[in-house]
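Just below is one structure, and these are the notes that go with it.
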Amino acid sequence: MDWNLLACARHHLTYAPDEPELHEHLRVTTVDGPAWRCLRCGDFVPGAPRAAGPADEAPVPLRGQLLRDAVVLRALAVERLLRGLLLLTGAYGLWRLGGALPAVREAFDQDLPLLQPLADRMHWNLADSPLVHLVRSALAARPQTLTWIAAALAAYGLLQLAEAAGLWLLRRWGEYLTAVATALFIPLEVYELVERVTWVRIAALLVNIGAVVFIVYRKRLFGLRGGRAAYDAERHQASLLQVIRAAA
Numbered sequence: 000m001d002w003n004l005l006a007c008a009r010h011h012l013t014y015a016p017d018e019p020e021l022h023e024h025l026r027v028t029t030v031d032g033p034a035w036r037c038l039r040c041g042d043f044v045p046g047a048p049r050a051a052g053p054a055d056e057a058p059v060p061l062r063g064q065l066l067r068d069a070v071v072l073r074a075l076a077v078e079r080l081l082r083g084l085l086l087l088t089g090a091y092g093l094w095r096l097g098g099a100l101p102a103v104r105e106a107f108d109q110d111l112p113l114l115q116p117l118a119d120r121m122h123w124n125l126a127d128s129p130l131v132h133l134v135r136s137a138l139a140a141r142p143q144t145l146t147w148i149a150a151a152l153a154a155y156g157l158l159q160l161a162e163a164a165g166l167w168l169l170r171r172w173g174e175y176l177t178a179v180a181t182a183l184f185i186p187l188e189v190y191e192l193v194e195r196v197t198w199v200r201i202a203a204l205l206v207n208i209g210a211v212v213f214i215v216y217r218k219r220l221f222g223l224r225g226g227r228a229a230y231d232a233e234r235h236q237a238s239l240l241q242v243i244r245a246a247a
């Protein structure tokens with residue numbers, strides 16, 4: 000798959016540099032008029048360029064490996080967005096539960112026996128069910144405790160949304176925030192995995208470890224592989240205009 004062409008499905012990025020030696024490499028004449036070379040995919044596009052000016056002020060689009068990295072980061076952003084919304088929904092549910100805890104506890108105790116016939120058919124022991132114990136523990140908590148838990152979930156959910164925004168916008172601060180926040184929670188995920196091994200926990204741990212390694216290594220965070228200066232140099236080196244300038 001050519002990610003450069005895929006990114007240009009919305010629009011091409013054409014630019015007319017002021018320098019004549021570069022100008023002639025980016026413009027051709029066709030029967031339909033002039034066509035300009037896209038700085039991202041390299042194809043010639045009929046019509047006027049989207050922008051013009053000095054070559055040093057030309058946009059530097061993501062191309063090749065850097066563009067593929069951007070796709071991965073935005074996929075992570077979607078995952079963080081969904082997780083953040085789920086956490087905020089849970090926080091809201093706990094907050095509402097805290098205000099009606101006695102009534103909910105009474106309704107749970109009254110309605111739970113109604114599930115017994117269905118549980119018997121499914122060979123599900125309600126008395127020893129971890130899910131039932133979890134619900135009972137939550138209902139036995141004080142309203143203030145549920146409020147604090149809801150606040151913690153809301154804060155974590157907002158953190159996930161901040162990560163999602165930073166990753167989607169491809170901002171440096173979003174990459175740092177995601178790398179640090181994800182790394183801090185990895186020990187907790189390892190502890191949960193030691194307590195009980197499930198495929199969901201294994202998958203979540205592997206995804207988070209992979210995300211940290213990928214972001215830190217590919218985006219050269221914390222000074223790794225030359226840091227920000229090396230990343231900017233790599234981006235400009237991959238620029239089509241820079242390639243043409245070197246050949247001119």
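Everything in the sequence shown is counted per numbering that gives the first Met the number 0, starting at 0 for the first residue and increasing by one.
The C-beta atom is built at its ideal place from N, Cα and C for all residues, glycine as well.
All values derive from a computational prediction rather than experimental measurement.
Asked: P45 - partner residues in DSSP beta bridges; Found: A34
Asked: Bridge-paired residues (DSSP) for Y14; Found: A50
Asked: Among V212, V189, L160, L192, nearest to A178 - alpha-carbon criterion; Found: V212
Asked: Cα-Cα separation, G41 to V189; Found: 46 Å
Asked: Simplified DSSP state of T248, which is helix, strand or coil; Found: A question about residue 248 goes unanswered here, because the residues of the chain that appear run from 0 up to 247.
Asked: L169 in three-state terms, based on DSSP; Found: coil
Asked: Residue environment, R219, which counts as buried when at least 16 other CB atoms sit within 10 Å; Found: buried
Asked: Per-residue burial, E194 [other beta carbons within 10 Å of its own, 16 or more giving buried]; Found: exposed
Asked: Inter-stretch contact at 8 Å, needing at least 3 Cβ pairs: the segment 165-179 / the segment 219-233; Found: yes
Asked: Same chain, Cβ closer than 7 Å to Q159, five either side skipped, listed in chain order; Found: R79, R82, G83, L86
Asked: At least 3 beta-carbon pairs within less than 8 Å: the segment 147-155 vs the segment 86-96; Found: yes
Asked: Rounded straight-line distance, which links the Cα of R36 to that of R234; Found: 19 Å
Asked: Status (buried if at least 16 other CB within 10 Å, exposed otherwise) for A245; Found: Interpretation of A245 is limited by its pLDDT of 39, a score under 50 that renders its predicted location unreliable; no figure is taken from the coordinates.
Asked: Inter-residue CB distance, L176 and L96 (contact presumed, cutoff 8 Å); Found: L176 to L96, Cβ: 30 Å. No contact.
Asked: Endpoints, the alpha helix (DSSP H) within which A57 is located; Found: Here A57 belongs to no alpha helix (DSSP H), and DSSP marks it neither H nor E.
Asked: Test item: CB-CB of A8 and P48 under 7 Å; Found: no
Asked: Cutoff 8 Å; reference A34; Cβ partners in own chain excluding five residues on either side; Found: R26, V27, T28, F43, V44, P45, G46
Asked: Per-residue burial, T13 [other beta carbons within 10 Å of its own, 16 or more giving buried]; Found: buried
Asked: Span of the alpha helix (DSSP H) around F213; Found: 198-217
Asked: Chain E within 7 Å of L86, Cβ atoms only; Found: Absent from the structure: chain E. Only one protein chain is present.
Asked: Contact check, A69 vs W167, beta carbons under 7 Å; Found: no
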